[in-house]
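Peer 1:
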Amino acid sequence: DVKVTQSSRYLVKRTGEKVFLECVQDMDHENMFWYRQDPGLGLRLIYFSYDVKMKEKGDIPEGYSVSREKKERFSLILESASTNQTSMYLCASSLSQHNEKLFFGSGTQLSVL
Amino acid sequence: DAKTTQPPSMDCAEGRAANLPCNHSTISGNEYVYWYRQIHSQGPQYIIHGLKNNETNEMASLIITEDRKSSTLILPHATLRDTAVYYCIVRAPLNFGNEKLTFGTGTRLTIIP
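In order, the protein sequence lines correspond to chains H and Z. In terms of my numbering, the first sequence opens at residue 385 and continues consecutively. In terms of my numbering, the second sequence opens at residue 39 and continues consecutively.
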């Protein structure tokens with residue numbers, strides 16, 4: 385089975401800190417995604433990447449950046465964390481442009497104090 | 039991507055069939071219907087997808103109306119482990135630079151013992 389691993393299950397950070405959320409997939413998938421999930425709002429796409437060193441903005445990219453230096457790893461960066469970035473962050477991957485079945489990690493619950 | 043409408047919550051007795059409806063009246067001809075579910079504290083899990091024909095796999099069946107404006111996910115013999123939030127999503131095949139998959143708020147399905 386495809387495994388998508390997020391480095392932390394729970395994370396607590398202070399306002400203004402730089403935060404790195406790491407995601408690794410083990411099945412050579414081309415596409416990787418970062419979502420955030422908030423009560424009543426469903427999942428919202430932050431950024432995605434369809435190849436190494438490539439990235440595209442999703443629906444809510446403000447305040448975030450991403451890095452994909454290797455195919456298996458997709459990092460989400462909060463340059464200066466704010467309290468409104470407290471959320472559940474979900475990473476996902478899919479095989480290729482022609483296979484949209486997403487595999488998700490278990491999520492990182494980030495609290496910014 | 040077309041917008042979907044799902045009831046916010048449903049109950050189903052254990053052992054019975056759970057039928058989850060989804061309206062997607064603005065669906066385009068090349069858009070697929072996808073279903074995912076999210077069990078508490080986990081990332082979403084792919085269930086099934088289809089274009090116009092009914093589909094069945096080991097987890098569920100997907101019934102799409104002839105006009106494709108609505109669909110029903112069927113869990114034939116619901117168990118307590120099927121308690122989850124179920125998301126219906128419609129989207130076109132991945133195109134270069136258009137790999138967004140938008141999740142709504144889904145249906146919270148509770149299986150009653």
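Ideal Cβ positions, reconstructed from N, Cα and C, are used throughout, including at glycine.
I'd like to know if the region 407-417 of chain H and the region 46-60 of chain Z are in contact, where contact means that at least 3 CB-CB pairs between them fall below 8 Å.
Peer 2: no
Peer 1: Is the Cβ of residue 124 of chain Z closer than 9 Å to any Cβ of chain H?
Peer 2: Not an interface residue.
Peer 1: For residue 62 of chain Z, would you say it is in contact with chain H, using Cβ-to-Cβ distances shorter than 9 Å as the test?
Peer 2: no
Peer 1: Ignoring anything shorter than 3 residues or poking outside the region 418-495 of chain H, list the beta strand (DSSP E) runs there in chain order.
Peer 2: 426-433, 448-454, 457-462, 471-478
Peer 1: Report back the beta-carbon spacing between residue 72 of chain Z and residue 62 of chain Z to the nearest angstrom; my notes put them in contact at under 8 Å.
Peer 2: Wrong, their Cβ atoms sit about 11 Å apart, outside the cutoff.
Peer 1: Leaving aside the five residues before and after residue 144 of chain Z along the sequence, list all residues of the same chain whose C-beta is less than 7 Å from its C-beta, in chain order.
Peer 2: 44, 123, 124, 125
Peer 1: Just checking residue 119 of chain Z against the ligand MG - is the residue's beta carbon closer than 8 Å to any of the ligand's heavy atoms?
Peer 2: Looking at this structure, you won't find the ligand MG or any other ligand, since it has none at all.
Peer 1: Do you know how far the Cα of residue 400 of chain H is from the Cα of residue 118 of chain Z?
Peer 2: 43 Å
Peer 1: Can you tell me where the beta strand (DSSP E) holding residue 399 of chain H begins and where it ends?
Peer 2: Careful: residue 399 of chain H lies outside any beta strand (DSSP E) and carries neither H nor E.
Peer 1: Taking the alpha-carbon of residue 106 of chain Z as reference, which of Z:97, Z:114, Z:91 has the nearest alpha-carbon?
Peer 2: Z:91
Peer 1: Please check if any C-beta of chain Z sits within less than 9 Å of the C-beta of residue 439 of chain H.
Peer 2: no
Peer 1: Which residue's Cα is closest to the Cα of residue 83 of chain Z: H:493, H:497, H:387?
Peer 2: Out of H:493, H:497, H:387, H:387 has the C-alpha closest to the C-alpha of residue 83 of chain Z.
Peer 1: Residue 111 of chain Z: buried (16+ other C-beta within 10 angstroms of its C-beta) or exposed?
Peer 2: Residue 111 of chain Z should be labelled buried.
Peer 1: Less than 8 Å between C-beta atoms, sequence neighbours within five positions excluded: which residues of the same chain meet that for residue 470 of chain H?
Peer 2: 494, 495, 496
Peer 1: Does residue 79 of chain Z get closer than 9 Å to chain H when you measure Cβ to Cβ?
Peer 2: yes
Peer 1: Would you say residue 140 of chain Z faces chain H, with C-beta separation under 9 Å as the test?
Peer 2: yes
Peer 1: I want to verify the contact list: residues of chain Z whose CB lies under 9 Å from the CB of residue 490 of chain H, in sequence order.
Peer 2: 79, 80, 81
Peer 1: Flag this pair as yes or no: are the beta carbons of residue 405 of chain H and residue 444 of chain H separated by less than 9 Å?
Peer 2: no
Peer 1: Using beta carbons (cut-off 9 Å, strictly below), is residue 144 of chain Z in contact with chain H?
Peer 2: yes
Peer 1: For residue 485 of chain H, which residues in chain Z fall below 9 Å Cβ to Cβ?
Peer 2: 72, 84, 87
Peer 1: Per DSSP, residue 89 of chain Z forms a beta bridge with which residues?
Peer 2: According to DSSP, residue 89 of chain Z bridges with nothing at all.
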